[in-house]
Amino acid sequence: MSQVNSEQFDLAHLAKLARIDFSQEELDTLRPQLLAILEYVARIGEVATPDVEPMSHVFKLENVVRSDEVTPGLSPEDALSGAPEQRAGRFAVPRILGEEE
Amino acid sequence: MSNQQLLTASAAEIADLVTTGKVTAAEVVTAHLAHIDQVDGAVRAFLDVDAEGALRAARNVDSKRESGEKLGSLAGVPVALKDVVAQKGRPTTCGSRILENWHPPYDATVVTKLQDADAVIVGKTNMDEFAMGSSTENSAFGPTHNPWDLTRVPGGSSGGSAAAVASNEATVAIGSDTGGSVRQPAALTGIVGVKPTYGTVSRYGLVAFASSLDQIGPFARNVKDAALLHSVIAGHDPRDGTSAPDSKKDLIAAANNSDLRSVRFGVVREMRGEGFAPAVLDEFDRVQELLKSLGADVQDISLPHASYGTPAYYLIAPSEASSNLARFDAMRYGLRVSPNPDATVEEVMSATREAGFGSEVKRRIVIGTFALSTGYYDAFYAQAQKVRTLIARDYHDAFSAVDVIISPTSPTTAFKLGERVNDPLAMYAADLATLPVSLAGLPAMSLPIGLSQEDGLPIGMQLVAPAFKDELLYSAAAPVEAALEKQWGGPLITKRPPILSGSR
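Residue numbers (my numbering), protein chains in the order written: chain Y, 29 to 129; chain D, 292 to 795.
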């Protein structure tokens, strides 16, 4: 298993993917912590050999479907009850595109 | 009956007293609410106490009885709910700023089941943010204190629920266990905590952390109460796609077992070396002698890959968390922070998550994002899933020779508040005995087995049974509990020093 090369570890890019606007100070604290964690978890490479089947779930699960019938659900009022902003019975969101997009 | 007696009574006793009309549910809950007022300023187990709702629920139970209706098995029993479980109209924060003012518009299935059993929900308990942590110090609303020693952690992530039961603020409590979050705090506070077999308790209304591992479980001050609560919350739920079929097993009957002669215990050879405190091992060794004296068979077993449980877990759980927590996007519920009036959706989302999540949650989201990202998925996430297979095989092999596998629940007793907060890897070490069990999806219990000779704090033993054989935990634990209580002259929890008052 490949060790994480600290030069290649692009924390700013990961932060962007994770949608967290870290401060520079936080990034500086996080970086050594994350590298230490990744170095530690890389130990699994010692035993995770190609012949072992990965296990994604504890028990065999089939896709679960229900019959296509209308059942009671949340009312629109309930569904919107926690919304930071709503307008005309809908979730109101900030604009999607920025200036340069 | 005195208030003190009501506070220390078992759930079974309270349900019996309320059902027979010897005590009213209102009296029971009033005694508990008064006690919460007295001590929770010091313990800080609760994030929200619903005095009004609890009294209303209790009076409702009493009037049902008066009108001759049959009462449920938890009639009038005060229950505390970990704040990761949705309760309609009550604040549900998951210990996070991002959900600070969220009031769910629906009840979790466990809440409905508790209400149907005539339990009285007294409030929501503190936890590590989104159940990520082993000390309850990652709560955005401040830590919970261990009732045995207020300068120490109660364990986590369900530390509030454990502390509420250990301090007699609630008779039983609901927690959730992803990597040990019920078992470890139970061990550190001297009570019983159970993680049922994965999938056997509905997760509808449980805010998701790591979906292939999350499981709701009971806290109680004795084995029978844990069985009682476990029986109420278990069962198939069409609203949870991963929920297992109903079990026909009678957990309460199992908890009445008094014979250990037919039980074969396997002691995990790998869970006694590095990291385990000598005082913890001393008590664990003593209990093995007790098991033998009760006629049980005790032998060593090996889980060769157990030590890889911690690194595998800290890849799998963060990966699933990074995906699950993507729902906190500042659009439909929870906090919204706008960096400027013209900010785009993405900018609002990033600013909200920066402000709303605490450090451990952010660390895990970034680790998970990394492990699932292009170029690293095969090297990290897929490898961790292979380790999961190896650990599950280890348990499978071990169960060919024994019925129940035992080890200490936690390698140490409760540590000091603040001692590990800035060292994530030291904190992760608290779960080394519980994580492999979670990865294999097995049922497990932490049972109090004594106090440390070194610091006088409680120590727990973890019992693990094969999948869907949760009843074995109870039939094995009950005779051990009875024998230990005979030695101690009562339940371990009665040895807890009084909590010096701290008003809310």
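Think of the CB as a built atom: it goes at the ideal place given N, C-alpha and C, for glycine as much as any other residue.
Can you tell me which of the options puts its alpha carbon nearest to the alpha carbon of residue i?
| i | options | result |
| --- | --- | --- |
| glycine 110(Y) | Ala377(D), Ile592(D), Val559(D) and Glu357(D) | Ala377(D) |
| proline 702(D) | Leu738(D), Ala478(D) and Ala767(D) | Ala478(D) |
| glycine 424(D) | Asp591(D), Ala720(D), Ala535(D) and Ile750(D) | Ala720(D) |
| methionine 718(D) | Phe706(D), Ser729(D), Asp331(D) and Pro727(D) | Phe706(D) |
| proline 595(D) | Val75(Y), Pro122(Y), Ser103(Y) and Ala116(Y) | Val75(Y) |
| aspartate 409(D) | Val370(D), Gly564(D), Leu606(D) and Asn392(D) | Val370(D) |
| leucine 63(Y) | Leu748(D), Pro715(D) and Lys786(D) | Pro715(D) |
| glycine 586(D) | Ala617(D), Asp550(D), Ala608(D) and Asn615(D) | Asp550(D) |
| valine 92(Y) | Ser743(D), Phe759(D), Pro536(D) and Ile656(D) | Pro536(D) |
| glutamate 357(D) | Ala325(D), Lys313(D), Asn392(D) and Tyr765(D) | Lys313(D) |
| leucine 748(D) | Gly446(D), Ala345(D), Gly367(D) and Thr310(D) | Gly446(D) |
| glycine 647(D) | Gly386(D), Val319(D), Pro529(D) and Ser584(D) | Gly386(D) |
| aspartate 669(D) | Thr57(Y), Pro82(Y) and Ser95(Y) | Pro82(Y) |
| glutamine 809(D) | Ala570(D), Arg684(D), Ala767(D) and Leu362(D) | Because chain D in this structure spans residues 292 to 795, residue 809(D) falls outside the shown range and cannot be described. |
| lysine 404(D) | Glu561(D), Ala683(D) and Ile507(D) | Ile507(D) |
| glutamate 35(Y) | Asp106(Y), Pro60(Y) and Val80(Y) | Pro60(Y) |
| asparagine 713(D) | Gly649(D), Ala768(D), Ala731(D) and Lys760(D) | Gly649(D) |
| alanine 546(D) | Thr665(D), Met736(D), Ser593(D) and Ala692(D) | Met736(D) |
| isoleucine 682(D) | Asp106(Y), Arg47(Y), Ala40(Y) and His85(Y) | His85(Y) |
By the DSSP assignment, the beta strand (DSSP E) with residue i in it spans what residues?
| i | result |
| --- | --- |
| alanine 735(D) | 735 to 742 |
| glycine 414(D) | 411 to 416 |
| glutamine 590(D) | 588 to 592 |
| valine 485(D) | 483 to 486 |
| phenylalanine 421(D) | From DSSP, phenylalanine 421(D) is part of no beta strand (DSSP E); its letter is neither H nor E. |
| glycine 466(D) | 463 to 468 |
| phenylalanine 690(D) | Taken as a continuous stretch (DSSP letters only), phenylalanine 690(D) belongs to no beta strand (DSSP E), as it is neither H nor E. |
| aspartate 339(D) | 337 to 340 |
Where do the N-terminal and C-terminal ends of the alpha helix (DSSP H) with residue i fall, by residue?
| i | result |
| --- | --- |
| glycine 600(D) | 600 to 615 |
| phenylalanine 556(D) | Careful: phenylalanine 556(D) lies outside any alpha helix (DSSP H), inside the beta strand (DSSP E) at 555 to 559. |
| phenylalanine 510(D) | From DSSP, phenylalanine 510(D) is part of no alpha helix (DSSP H) but of the beta strand (DSSP E) over 506 to 511. |
| methionine 752(D) | Per DSSP, methionine 752(D) belongs to no alpha helix (DSSP H); it is in the beta strand (DSSP E), 749 to 755. |
Excluding the five sequence neighbours on either side, which residues of its own chain have a C-beta within less than 6 Å of the C-beta of residue i, listed in chain order?
| i | result |
| --- | --- |
| glycine 450(D) | Thr427, Thr435 and Pro476 |
| methionine 29(Y) | Low per-residue confidence applies at methionine 29(Y): pLDDT is 47, beneath 50, and the placement is therefore not dependable, though the value from the model is reported in the following sentence. Taken in chain order, the residues that qualify are Ala70 and Gly73. |
| glycine 659(D) | Pro609, Ser610, Ala612 and Ser613 |
| leucine 504(D) | Thr469 and Ser729 |
| glycine 471(D) | Asp722 and Thr725 |
| valine 628(D) | Ala642, Thr643 and Ala646 |
| alanine 501(D) | Thr469, Ala608, Glu611 and Ala612 |
| valine 678(D) | Tyr599 and Ala603 |
| leucine 66(Y) | Val32 |
Whose C-beta lies closer than 7 Å to the C-beta of residue i among residues of the same chain, with five residues either side of it excluded?
| i | result |
| --- | --- |
| alanine 525(D) | Pro487, Thr491, Val492 and Ser538 |
| lysine 379(D) | Pro395, Pro396, Tyr397 and Asp398 |
| leucine 606(D) | Ala662, Phe671, Tyr672 and Ala675 |
| alanine 461(D) | His323, Pro369, Val370, Ala371, Val413 and Ala455 |
| glycine 115(Y) | First, the amino acid is wrong: residue 115(Y) is arginine here, not glycine. Taken in chain order, the list of residues that qualify is empty. |
| glutamine 329(D) | Ser792 and Ser794 |
| glutamine 744(D) | Ala570 and Asp573 |
Listing by chain order, which chain Y residues have their CB less than 7 Å from the CB of residue i?
| i | result |
| --- | --- |
| glutamate 611(D) | Here the premise fails: no neighbours, minimum Cβ distance about 10 Å. |
| tryptophan 393(D) | Gly110 |
| arginine 644(D) | Arg47 and Ile48 |
Residue i versus chain Y: which residues are under 8 Å apart at the beta carbon?
| i | result |
| --- | --- |
| serine 503(D) | Ser84, His85 and Val86 |
| alanine 621(D) | Pro112 |
| methionine 640(D) | Arg47 |
| serine 629(D) | Pro122 |
Could you name the residues of the same chain whose beta carbon sits closer than 8 Å to that of residue i, not counting the 5 residues immediately before and after it, in chain order?
| i | result |
| --- | --- |
| alanine 43(Y) | Asp49, Phe50 and Leu55 |
| arginine 381(D) | Asp339, Asp341, Gly344, His394, Pro395 and Lys415 |
List, in chain order, every chain D residue whose beta-carbon is nearer than 7 Å to that of residue i.
| i | result |
| --- | --- |
| glycine 117(Y) | What glycine 117(Y) touches in chain D: nothing, since even the nearest Cβ is about 14 Å away. |
| valine 98(Y) | Near valine 98(Y) there are no residues of chain D at all, since even the closest Cβ is about 15 Å away, more than 7 Å. |
| alanine 76(Y) | Gln674, Lys677 and Val678 |
For residue i, go through chain Y and note every residue whose CB falls closer than 9 Å to its CB, in chain order.
| i | result |
| --- | --- |
| tyrosine 605(D) | Ile65, Tyr68 and Val69 |
| glycine 424(D) | The premise fails here: glycine 424(D) is roughly 14 Å from chain Y at the closest Cβ pair, so nothing lies under 9 Å. |
Name, please, each residue of chain D whose Cβ falls closer than 9 Å to the Cβ of residue i.
| i | result |
| --- | --- |
| serine 95(Y) | Chain D residues near serine 95(Y): none, gap ~11 Å exceeds 9 Å. |
| alanine 107(Y) | Pro396 and Arg623 |
At 8 Å on the CB atoms, spell out the chain D contacts of residue i, in chain order.
| i | result |
| --- | --- |
| proline 60(Y) | By Cβ distance, chain D contributes nothing, its closest Cβ being about 11 Å from proline 60(Y), past 8 Å. |
| glutamate 81(Y) | Lys677 and Thr680 |
Can you find a CB in chain B that lies within less than 8 Å of the CB of residue i?
| i | result |
| --- | --- |
| serine 34(Y) | In the structure shown, chain B does not exist; the protein chains are Y and D. |
Does the segment 571 to 589 of chain D come into contact with the segment 545 to 561 of chain D, if we say contact requires no fewer than three beta-carbon pairs (one atom in each stretch) closer than 8 Å?
Result yes; three or more Cβ-Cβ pairs closer than 8 Å.
Given 8 Å, three or more beta-carbon pairs between the segment 465 to 472 of chain D and the segment 325 to 338 of chain D
Contact fails: fewer than three Cβ-Cβ distances are below 8 Å.
Taking 8 Å as the cut-off, does the segment 436 to 449 of chain D touch the segment 341 to 361 of chain D (at least 3 CB pairs, one atom from each stretch)?
The segment 341 to 361 of chain D vs the segment 436 to 449 of chain D: no contact.
Taking contact to mean 3 or more Cβ pairs, one atom from each stretch, closer than 8 Å, check whether the segment 300 to 316 of chain D and the segment 416 to 423 of chain D are in contact.
The segment 300 to 316 of chain D vs the segment 416 to 423 of chain D: no contact.
Taking three-plus beta-carbon pairs below 8 Å as touching, is the segment 115 to 126 of chain Y in contact with the segment 620 to 636 of chain D?
A contact exists between the segment 115 to 126 of chain Y and the segment 620 to 636 of chain D.
Is the segment 693 to 702 of chain D touching the segment 747 to 755 of chain D, taking contact as three or more C-beta pairs under 8 Å?
With the cut-off at 8 Å, the segment 693 to 702 of chain D and the segment 747 to 755 of chain D touch.
Within 8 Å, do at least three Cβ pairs link the segment 675 to 692 of chain D to the segment 637 to 646 of chain D?
Verdict: no, contact absent.
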